[in-house]
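In my numbering, the protein residues as written are 2 to 123.
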């Protein structure tokens, strides 16, 4: 069975790009969210295998949402999505339980590698 994915990004364009990449690799996109609060709700509701979590979003950013998401869906592997220059926040997120990070603009090979690696780490 394909791994299930929740895509979290405030930009519809970015969600669409990620969704297309992942669907081409047969991942099952079960939900999307546009901010941290929605991400917590969707994680709780769907318990996805993988969550791609943008760092910079309105209402609640990814770093703030991360511990709540892990609490609601402890089995989910979270991969942070960052723009260049967000290293301190990425490091904080990794310390708080994120498994990996990918940088925008997304490179498909790196996105797939991060997801496969997170899934295989158990």
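All C-beta atoms, glycine included, are put in the ideal place defined by N, C-alpha and C. Predicted model only: the values in this text are computed from it and were never measured.
| Asked | Found |
| --- | --- |
| Between the CA atoms of residue 74 and residue 45 - distance to the nearest angstrom | 6 angstroms |
| Nearest candidate by alpha-carbon position, reference residue 83, set 71, 106, 40 and 69 | 106 |
| Contact check, residue 85 vs residue 94, beta carbons under 8 angstroms | no |
| Straight-line Cα distance separating residue 63 from residue 57 | 6 angstroms |
| Residues that residue 102 bridges to, as DSSP identifies them | 81 |
| Residue 40 burial status per 10 Å Cβ neighbour count (16 or more: buried) | buried |
| Residue 99 classed as buried or exposed, judged by whether at least 16 other C-beta atoms fall within 10 angstroms | buried |
| Proximal residues to residue 27 (C-beta, below 8 angstroms), its chain only, five neighbours per side dropped | 3 |
| Nearest candidate by alpha-carbon position, reference residue 1, set 24, 79 and 37 | Beyond the ends of the chain as shown, which are 2 and 123, falls residue 1; an answer cannot be given. |
| Where the alpha helix (DSSP H) through residue 76 begins and ends | From DSSP, residue 76 is part of no alpha helix (DSSP H); its letter is neither H nor E. |
| Residue of 113, 102, 12 and 11 minimising C-alpha distance to residue 22 | 113 |
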